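Below you'll find the structure, written out as structure tokens, and then a few comments.
Right, here's the structure in full:
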């Protein structure tokens, strides 16, 4: 199995820098591999250990970022849900208020009508 199995370009860039090599973003994956293998500081066992550590740290960082993103999505969903519930309750309250106004208006008209009938009958 290759020392580079499971590694990404970013992992190889870190390893090459650890070996004292100067790395540019323009370096291709195959060039990084050649650079690492040709390095004066290259020791297969040490390089494998360093690469494994680098990969593990990257994966842990990715996992943490995914958890953070998931929490943010959940918070956004919950916030939208709370806003919708608030808006629904507000609309319900406004409708209830309007119904009460209509009801009281009708009561006032009935009361006035009865009062007018009493005045007219006297």
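In full-length UniProt numbering, the protein residues as written are 1 to 122.
A virtual CB, placed ideally from N, CA and C, is assigned to each residue, including glycine.
Keep in mind the model is a prediction, meaning the values are calculated, not measured.
If you follow the alpha helix (DSSP H) that residue i is part of, which residue opens it and which one closes it?
i	result
residue 40	Residue 40 -> no alpha helix (DSSP H), and no H or E assigned at all.
residue 12	9-18
Let me know the secondary structure DSSP gives residue i once reduced to three states.
i	result
residue 56	helix
residue 108	helix
residue 86	helix
residue 25	coil
residue 47	helix
Skipping 5 residues on each side, what residues in its chain have a beta carbon closer than 8 Å to that of residue i?
i	result
residue 39	16, 19, 20, 21
Would you say residue i and residue j are within 8 Å of each other, going by their C-beta atoms?
i	j	result
residue 29	residue 12	yes
residue 44	residue 3	yes
residue 68	residue 6	no
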